[in-house]
Amino acid sequence: MKILVPVKRVIDYNVRPRVKADGSGVDLANVKMSMNPFDEIAVEEAIRLKEKGHASEIVAVSIGPAKAQETLRTALAMGADRAILIETEEAVEPLGVAKLLKAVFDEEQPGLVVMGKQAIDDDSNQTGQMLAALTGRPQGTFASKVEVDGERVTVTREVDAGLETVRLTLPAIVTTDLRLNEPRYASLPNIMKAKSKPLVVKSAAEYGVDITPRLKVLNVAEPPVRQAGVKVDSVDELVSKLKTLGVVA
Ligand code: AMP
236 MKILVPVKRV
246 IDYNVRPRVK
256 ADGSGVDLAN
266 VKMSMNPFDE
276 IAVEEAIRLK
286 EKGHASEIVA
296 VSIGPAKAQE
306 TLRTALAMGA
316 DRAILIETEE
326 AVEPLGVAKL
336 LKAVFDEEQP
346 GLVVMGKQAI
356 DDDSNQTGQM
366 LAALTGRPQG
376 TFASKVEVDG
386 ERVTVTREVD
396 AGLETVRLTL
406 PAIVTTDLRL
416 NEPRYASLPN
426 IMKAKSKPLV
436 VKSAAEYGVD
446 ITPRLKVLNV
456 AEPPVRQAGV
466 KVDSVDELVS
476 KLKTLGVVA
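Sequence positions in the sequence shown follow the numbering used here and run 236 to 484.
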């Protein structure tokens with residue numbers, strides 16, 4: 236079976252985002268960009284499934300600017316076999332991404348799609364669910380364990396009340412949570428090998444998908460600065476302070 240892994244190029248998780256002065260968005264000029272961390276976990280999981288003999292090919296796909304080729308090369312260096320970039324310089328909303336992924340899904344006919352539960356730049360947590368709806372395939376979101384068994388995949392999901400296990404018929408959409416695995420680093424030889432792995436560049440128009448934004452960002456602002464805390468010398472003082480602040484009666 237083939238595994239499709241969508242990977243997004245996002246602002247690196249170590250970078251402190253700066254909001255543009257006009258409040259129109261986050262300033263990405265000269266900022267380090269990397270693969271979305273949940274997508275690294277998805278690539279790792281796909282590789283592990285291939286290593287266990289459940290998959291024959293891993294296809295990484297990204298929707299983004301020309302520079303997203305670097306993100307795809309990272310996926311190839313980790314162990315993906317080939318890559319598709321759907322190039323656009325405009326930001327694409329989750330519905331647009333899901334429609335493009337549906338087109339790739341129809342073309343590639345993967346047995347499994349493994350993707351991140353959310354992108355750390357927009358924190359939408361929507362694309363996997365939308366892709367499942369558009370393809371009419373079952374979804375196992377927030378996966379902390381994935382086991383393929385013949386025509387099915389068993390997914391342990393991290394939910395508020397604990398862990399939920401679902402069994403899905405393939406092809407299925409799985410989204411990864413943080414505890415699923417620890418992604419490998421690409422070795423230098425594999426980084427070199429990745430340079431010659433196939434990477435095709437396409438456009439949204441080639442898939443006949445309209446990616447015109449449907450949402451308008453009104454304003455982006457920094458979160459309020461956290462106030463400094465107060466040190467207290469005793470529990471009595473703490474309780475009396477909390478009473479003064481109205482936190483306890
Ligand atoms: P989101 O719904 O935006 O939080 O993203 C959830 C997941 O969808 C991400 O972890 C990626 O696997 C995938 N995804 C979102 N946007 C893109 C994109 N532009 N290119 C490839 N995959 C994407």
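We treat Cβ as the ideally placed atom computed from N, Cα and C, and that holds for glycine.
Just so it is clear, the structure is predicted and the values come from calculations on it, not from any experiment.
Exposure label - R308; buried when at least 16 CB within 10 Å
It is buried - the Cβ of R308 has at least 16 other Cβ atoms within 10 Å.
Is T362 near the ligand AMP, with its Cβ less than 7 Å from a heavy atom?
Flag set: Cβ of T362 near the ligand AMP.
Between which two residues does the alpha helix (DSSP H) holding G363 run?
T362 to T370
On the DSSP bridge list, what partners appear for T400?
T391
Where does Q374 land, buried or exposed, given buried means 16+ other C-beta within 10 angstroms?
In this structure Q374 is buried. Its beta-carbon is surrounded by 16 or more other beta-carbon atoms within 10 angstroms.
Once the 5 residues before and after K255 are set aside, which same chain residues still bring their CB inside 6 Å of it?
D262
Check this for me: beta carbons of I276 and V332, under 8 Å apart or not?
no
Euclidean distance between Cα positions of A315 and P448
Their backbone Cα atoms lie some 30 Å apart in a straight line.
For A407 versus L347, is the C-beta distance shorter than 8 Å?
Yes, the pair counts as a contact, with Cβ atoms nearer than the cut-off.
What number of angstroms, rounded off, separates the C-alpha of Q462 from the C-alpha of A301?
41 Å
Would you mind reading off the limits of the alpha helix (DSSP H) that contains Q304?
A303 to M313
Taking buried to mean at least 16 other C-beta atoms within 10 Å of its own C-beta, is R251 buried or exposed?
The residue is exposed, with fewer than 16 neighbouring Cβ atoms inside 10 Å.
Tell me the start and end of each unbroken alpha helix (DSSP H) in the segment 280 to 356 that is at least 4 residues and wholly inside, in chain order.
303 to 313 and 329 to 343
Any heavy atom of the ligand AMP within a distance shorter than 7 Å of the CB on A439?
Outside the cutoff, so no.
Residue(s) in a DSSP beta bridge with L453
Paired residue(s): none; L453 is not in a bridge.
Tell me whether G464, by its Cβ, gets closer than 7 Å to a heavy atom of the ligand AMP.
A distance criterion of 7 Å places the beta-carbon of G464 beyond contact range of the ligand AMP, judged by its closest non-hydrogen atom.
Quick check: the Cα distance between V465 and K478, rounded to an integer number of angstroms?
15 Å
Between the alpha carbons of F340 and K334, how many angstroms are there, rounded?
10 Å
For V470, which three-state DSSP category applies?
Here V470 sits in helix by DSSP.
Is it buried or exposed for M350, if we count other Cβ within 10 angstroms and need 16 for buried?
The residue is buried, with at least 16 neighbouring Cβ atoms inside 10 Å.
C-alpha distance - N271 paired with I355, whole-angstrom precision:
6 Å
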